[in-house]
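Numbering (the working numbering), first residue to last: -7 to 270.
We treat Cβ as the ideally placed atom computed from N, Cα and C, and that holds for glycine.
Just so we're clear, the structure is a prediction, and the values are computed from it rather than from any experiment.
Okay, so here's the structure we're looking at.
Structure (C-alpha coordinates):
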(Lines of atoms letter the chains of each structure in order from A and count residues from 1; the text may use other names and numbers.)
(Lines give C-alpha, C1' and ligand atoms only; values in the text may rest on other atoms or scores of the structure.)
Protein backbone atom coordinates (compact mmCIF):
# COMPACT_ATOMS: atom_id res chain seq x y z
CA UNK A 1 0.00 0.00 0.00
CA UNK A 2 2.02 3.02 -1.22
CA UNK A 3 1.73 5.96 1.19
CA UNK A 4 3.16 9.33 0.18
CA UNK A 5 5.15 11.39 2.65
CA UNK A 6 6.21 14.95 1.81
CA UNK A 7 9.15 16.81 3.37
CA UNK A 8 10.06 20.44 2.93
CA UNK A 9 13.35 22.03 3.91
CA UNK A 10 13.80 25.53 5.32
CA UNK A 11 16.68 27.48 6.86
CA UNK A 12 17.77 27.08 10.48
CA UNK A 13 16.46 30.57 11.24
CA UNK A 14 13.03 28.98 11.62
CA UNK A 15 14.24 26.70 14.42
CA UNK A 16 17.63 27.28 16.00
CA UNK A 17 17.52 24.33 18.42
CA UNK A 18 19.72 21.29 17.85
CA UNK A 19 16.89 19.07 19.07
CA UNK A 20 14.11 17.68 16.92
CA UNK A 21 10.53 18.76 17.58
CA UNK A 22 7.50 16.50 17.26
CA UNK A 23 3.88 17.56 17.52
CA UNK A 24 2.02 14.31 18.26
CA UNK A 25 -1.39 15.57 17.24
CA UNK A 26 -2.15 18.29 14.71
CA UNK A 27 -5.49 19.77 13.71
CA UNK A 28 -6.43 16.69 11.69
CA UNK A 29 -4.78 14.15 13.97
CA UNK A 30 -1.55 13.65 12.06
CA UNK A 31 1.95 13.97 13.47
CA UNK A 32 4.20 16.91 12.55
CA UNK A 33 7.96 16.98 13.02
CA UNK A 34 10.74 19.51 12.60
CA UNK A 35 14.23 18.00 12.46
CA UNK A 36 17.44 20.09 12.38
CA UNK A 37 19.59 18.35 9.77
CA UNK A 38 22.88 19.35 8.12
CA UNK A 39 22.39 23.08 8.64
CA UNK A 40 18.71 23.13 7.60
CA UNK A 41 15.37 22.07 9.09
CA UNK A 42 13.21 19.28 7.68
CA UNK A 43 9.47 19.78 8.12
CA UNK A 44 7.00 16.96 7.57
CA UNK A 45 5.34 14.78 6.94
CA UNK A 46 2.12 13.77 5.23
CA UNK A 47 0.32 10.49 4.73
CA UNK A 48 -1.49 10.29 1.42
CA UNK A 49 -2.57 7.01 -0.20
CA UNK A 50 -1.32 6.74 -3.80
CA UNK A 51 -2.42 4.24 -6.41
CA UNK A 52 0.76 4.09 -8.46
CA UNK A 53 4.37 4.13 -7.21
CA UNK A 54 6.44 6.75 -9.06
CA UNK A 55 10.19 7.18 -9.15
CA UNK A 56 9.85 10.87 -8.28
CA UNK A 57 6.41 11.53 -6.76
CA UNK A 58 4.96 15.05 -6.84
CA UNK A 59 3.90 16.90 -3.70
CA UNK A 60 0.26 17.92 -3.64
CA UNK A 61 -0.85 21.47 -2.83
CA UNK A 62 -2.88 20.19 0.12
CA UNK A 63 0.20 18.50 1.57
CA UNK A 64 2.37 21.61 1.38
CA UNK A 65 -0.43 23.74 2.82
CA UNK A 66 -0.79 21.32 5.74
CA UNK A 67 2.94 21.34 6.62
CA UNK A 68 3.28 25.12 6.35
CA UNK A 69 0.12 25.86 8.32
CA UNK A 70 0.83 23.43 11.15
CA UNK A 71 4.53 24.31 11.50
CA UNK A 72 3.69 28.03 11.71
CA UNK A 73 2.17 27.43 15.14
CA UNK A 74 5.30 25.82 16.58
CA UNK A 75 8.42 27.35 14.99
CA UNK A 76 10.19 30.60 15.83
CA UNK A 77 8.55 32.17 12.82
CA UNK A 78 6.05 31.00 10.24
CA UNK A 79 7.55 29.58 7.03
CA UNK A 80 6.02 30.58 3.72
CA UNK A 81 6.16 29.02 0.27
CA UNK A 82 9.06 31.25 -0.76
CA UNK A 83 11.11 29.96 2.18
CA UNK A 84 11.16 26.38 0.90
CA UNK A 85 14.69 25.34 -0.18
CA UNK A 86 13.81 21.85 -1.34
CA UNK A 87 10.78 19.57 -1.55
CA UNK A 88 11.21 15.83 -1.50
CA UNK A 89 8.63 13.12 -1.55
CA UNK A 90 8.85 9.46 -0.67
CA UNK A 91 6.54 6.48 -0.90
CA UNK A 92 6.32 4.17 2.10
CA UNK A 93 5.93 0.50 1.09
CA UNK A 94 3.39 -0.31 3.79
CA UNK A 95 2.22 -3.86 4.35
CA UNK A 96 -1.57 -3.68 4.23
CA UNK A 97 -3.57 -5.93 6.58
CA UNK A 98 -6.47 -7.66 4.88
CA UNK A 99 -9.09 -5.76 6.89
CA UNK A 100 -7.74 -2.25 6.14
CA UNK A 101 -9.66 0.20 3.98
CA UNK A 102 -7.79 0.68 0.68
CA UNK A 103 -8.07 4.48 0.84
CA UNK A 104 -6.63 4.76 4.32
CA UNK A 105 -2.90 4.33 5.00
CA UNK A 106 -2.65 6.37 8.21
CA UNK A 107 -3.60 3.44 10.40
CA UNK A 108 -1.27 0.90 8.75
CA UNK A 109 1.78 -0.05 10.80
CA UNK A 110 5.19 1.23 9.66
CA UNK A 111 6.80 -1.98 10.90
CA UNK A 112 8.55 -4.27 8.47
CA UNK A 113 7.49 -7.84 7.77
CA UNK A 114 9.71 -10.84 7.02
CA UNK A 115 8.26 -13.66 4.93
CA UNK A 116 9.75 -17.03 4.01
CA UNK A 117 8.40 -18.87 0.97
CA UNK A 118 8.30 -22.62 0.45
CA UNK A 119 11.24 -22.30 -1.94
CA UNK A 120 13.42 -20.73 0.76
CA UNK A 121 13.22 -17.16 -0.54
CA UNK A 122 13.29 -14.70 2.37
CA UNK A 123 11.57 -11.35 1.75
CA UNK A 124 11.67 -8.26 3.95
CA UNK A 125 9.05 -5.66 3.10
CA UNK A 126 7.60 -2.54 4.66
CA UNK A 127 9.79 -0.64 7.09
CA UNK A 128 11.61 2.66 6.53
CA UNK A 129 15.07 3.88 5.59
CA UNK A 130 15.56 5.14 9.13
CA UNK A 131 15.16 1.63 10.53
CA UNK A 132 17.45 -0.15 8.09
CA UNK A 133 19.74 -1.50 10.83
CA UNK A 134 16.82 -3.06 12.70
CA UNK A 135 15.51 -4.50 9.43
CA UNK A 136 18.95 -5.96 8.70
CA UNK A 137 19.23 -7.47 12.16
CA UNK A 138 15.77 -9.06 12.09
CA UNK A 139 16.26 -10.40 8.56
CA UNK A 140 19.69 -11.91 9.20
CA UNK A 141 18.55 -13.43 12.48
CA UNK A 142 15.52 -14.83 10.68
CA UNK A 143 17.80 -16.44 8.09
CA UNK A 144 20.04 -17.86 10.81
CA UNK A 145 17.05 -19.32 12.63
CA UNK A 146 15.72 -20.77 9.36
CA UNK A 147 19.07 -22.41 8.67
CA UNK A 148 19.84 -20.32 5.58
CA UNK A 149 22.97 -18.86 7.21
CA UNK A 150 23.67 -21.67 9.66
CA UNK A 151 27.25 -22.19 8.52
CA UNK A 152 28.16 -18.51 8.40
CA UNK A 153 26.90 -16.75 11.50
CA UNK A 154 25.34 -17.21 14.89
CA UNK A 155 23.82 -13.76 15.33
CA UNK A 156 23.58 -10.53 13.33
CA UNK A 157 26.36 -8.09 14.26
CA UNK A 158 25.05 -4.90 12.64
CA UNK A 159 24.64 -3.21 16.05
CA UNK A 160 28.40 -2.93 16.47
CA UNK A 161 29.52 -2.41 12.87
CA UNK A 162 30.84 1.04 11.95
CA UNK A 163 30.15 2.51 8.54
CA UNK A 164 33.10 3.30 6.27
CA UNK A 165 34.56 6.64 7.32
CA UNK A 166 33.20 6.50 10.85
CA UNK A 167 35.34 8.14 13.52
CA UNK A 168 37.18 5.35 15.30
CA UNK A 169 38.23 5.47 18.92
CA UNK A 170 35.69 8.07 19.99
CA UNK A 171 32.15 9.17 19.38
CA UNK A 172 31.27 11.75 16.77
CA UNK A 173 31.40 15.19 18.37
CA UNK A 174 29.53 17.13 15.70
CA UNK A 175 25.74 16.86 15.89
CA UNK A 176 23.79 15.96 12.77
CA UNK A 177 22.11 19.37 13.00
CA UNK A 178 25.28 21.21 11.92
CA UNK A 179 26.09 22.04 8.33
CA UNK A 180 28.15 19.38 6.51
CA UNK A 181 31.90 19.67 6.19
CA UNK A 182 35.08 17.66 6.57
CA UNK A 183 33.98 16.26 9.92
CA UNK A 184 31.49 13.93 8.23
CA UNK A 185 34.40 11.99 6.69
CA UNK A 186 35.56 10.66 10.05
CA UNK A 187 38.77 8.65 9.67
CA UNK A 188 38.95 9.55 5.96
CA UNK A 189 39.18 13.28 6.64
CA UNK A 190 42.95 13.51 6.14
CA UNK A 191 42.68 11.69 2.83
CA UNK A 192 40.06 14.14 1.59
CA UNK A 193 42.16 17.12 2.69
CA UNK A 194 45.15 15.70 0.81
CA UNK A 195 43.20 15.47 -2.46
CA UNK A 196 43.70 18.23 -5.02
CA UNK A 197 41.11 20.97 -4.84
CA UNK A 198 40.76 20.84 -1.05
CA UNK A 199 40.79 24.64 -0.90
CA UNK A 200 38.51 25.17 -3.90
CA UNK A 201 35.06 25.51 -2.33
CA UNK A 202 32.19 24.98 -4.75
CA UNK A 203 29.60 25.82 -2.08
CA UNK A 204 29.42 25.75 1.68
CA UNK A 205 30.34 22.24 2.76
CA UNK A 206 31.42 21.05 -0.69
CA UNK A 207 34.91 21.30 -2.19
CA UNK A 208 36.47 20.14 -5.42
CA UNK A 209 38.42 17.57 -3.38
CA UNK A 210 35.19 16.06 -2.04
CA UNK A 211 33.92 15.54 -5.59
CA UNK A 212 37.20 13.96 -6.67
CA UNK A 213 37.22 11.75 -3.56
CA UNK A 214 33.64 10.65 -4.33
CA UNK A 215 34.66 9.66 -7.86
CA UNK A 216 37.86 7.88 -6.83
CA UNK A 217 36.79 6.05 -3.69
CA UNK A 218 32.99 6.18 -3.40
CA UNK A 219 31.94 5.00 -6.87
CA UNK A 220 30.30 8.31 -7.82
CA UNK A 221 29.77 8.56 -11.58
CA UNK A 222 27.04 11.15 -12.10
CA UNK A 223 26.21 14.59 -10.79
CA UNK A 224 23.23 13.06 -8.99
CA UNK A 225 25.56 10.57 -7.29
CA UNK A 226 27.53 13.48 -5.83
CA UNK A 227 24.89 16.12 -5.08
CA UNK A 228 22.14 13.78 -3.88
CA UNK A 229 23.95 10.76 -2.44
CA UNK A 230 27.55 11.56 -1.48
CA UNK A 231 26.52 14.95 -0.15
CA UNK A 232 22.89 15.98 0.40
CA UNK A 233 22.79 19.32 -1.35
CA UNK A 234 19.84 18.38 -3.57
CA UNK A 235 17.76 17.70 -0.46
CA UNK A 236 19.04 20.75 1.42
CA UNK A 237 18.91 23.45 -1.26
CA UNK A 238 17.83 22.46 -4.76
CA UNK A 239 18.63 25.88 -6.24
CA UNK A 240 22.18 25.76 -4.86
CA UNK A 241 22.58 22.23 -6.21
CA UNK A 242 21.54 23.50 -9.64
CA UNK A 243 24.13 26.25 -9.40
CA UNK A 244 26.94 23.82 -8.44
CA UNK A 245 26.01 21.09 -10.91
CA UNK A 246 28.06 22.28 -13.95
CA UNK A 247 31.28 22.46 -11.89
CA UNK A 248 30.62 19.05 -10.38
CA UNK A 249 29.99 17.64 -13.86
CA UNK A 250 33.27 19.06 -15.14
CA UNK A 251 35.25 17.55 -12.25
CA UNK A 252 33.57 14.16 -12.66
CA UNK A 253 34.26 14.21 -16.39
CA UNK A 254 37.95 14.81 -15.73
CA UNK A 255 38.05 12.01 -13.15
CA UNK A 256 36.06 9.31 -14.94
CA UNK A 257 35.99 10.23 -18.62
CA UNK A 258 32.31 9.30 -18.81
CA UNK A 259 29.14 11.34 -19.17
CA UNK A 260 28.18 12.75 -15.72
CA UNK A 261 24.55 13.21 -16.89
CA UNK A 262 24.33 16.90 -16.09
CA UNK A 263 21.08 17.52 -17.98
CA UNK A 264 19.32 14.69 -16.16
CA UNK A 265 20.35 16.14 -12.81
CA UNK A 266 19.23 19.65 -13.73
CA UNK A 267 15.81 18.25 -14.62
CA UNK A 268 15.67 16.39 -11.31
CA UNK A 269 16.73 19.47 -9.33
CA UNK A 270 13.96 21.46 -10.99
CA UNK A 271 11.52 18.88 -9.65
CA UNK A 272 12.86 19.36 -6.12
CA UNK A 273 12.65 23.13 -6.26
CA UNK A 274 9.27 23.49 -8.00
CA UNK A 275 6.20 24.52 -6.03
CA UNK A 276 3.48 22.52 -7.84
CA UNK A 277 0.84 25.27 -7.74
CA UNK A 278 2.96 28.33 -8.59
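- Counting along the chain, residue 267 sits inside no alpha helix (DSSP H), nor does DSSP assign it H or E at all.
- The closest CA to that of residue 26, considering only 238, 17, 12, is found on 12.
- When DSSP states are grouped into helix, strand and coil, residue 26 belongs to the strand group.
- Under DSSP, residue 43 shares a beta bridge with no residue.
- Between residue 233 and residue 141, the alpha-carbon positions lie close to 43 angstroms from each other.
- When the beta-carbon positions are compared, residue 82 and residue 38 stay at least 8 angstroms from each other.
- Unbroken beta strand (DSSP E) stretches of 3 residues or longer found wholly inside the segment 130 to 217: 193 to 195, given in chain order.
- Counting C-beta atoms within 10 angstroms of its own C-beta, residue 138 has fewer than 16 neighbours from the protein chains shown and is therefore classed as exposed.
- The DSSP-derived three-state label of residue 243 is helix.
- Going by beta carbons, residue 15 and residue 48 fall outside the 8 angstroms limit.
- The segment 248 to 267 makes contact with the segment 213 to 220: 3 or more CB pairs, one atom from each, lie closer than 8 angstroms.
- For residue 105, DSSP records a beta bridge to 117.
- The beta carbons of residue 89 and residue -6 sit about 15 angstroms from each other, so the pair does not count as a contact at 8 angstroms.
- Ranked by how close their Cα comes to the Cα of residue 248, the residues 208, 262, 229, 268 have 208 in first place.
- If you check the CB distance, residue 172 and residue 21 do not come in under 8 angstroms.
- Cβ contact annotation for residue 241 (same chain, cutoff 7 angstroms, sequence separation greater than five): 215, 252, 254, in chain order.
- Taking residue 160 as the centre and dropping the five residues before and after it, the same chain places the C-beta of 154, 178, 179 closer than 8 angstroms to its C-beta, in chain order.
- Between residue 50 and residue 268, the C-beta spacing is below 8 angstroms.
- The Cβ atoms of residue 74 and residue 6 do not sit closer than 8 angstroms to each other.
- Beta-bridge annotation (DSSP): residue -4 is paired with 40, 83.
- Bridge partners of residue 13 according to DSSP: 26.
- According to the DSSP assignment, residue 225 belongs to the alpha helix (DSSP H) that extends over 225 to 228.
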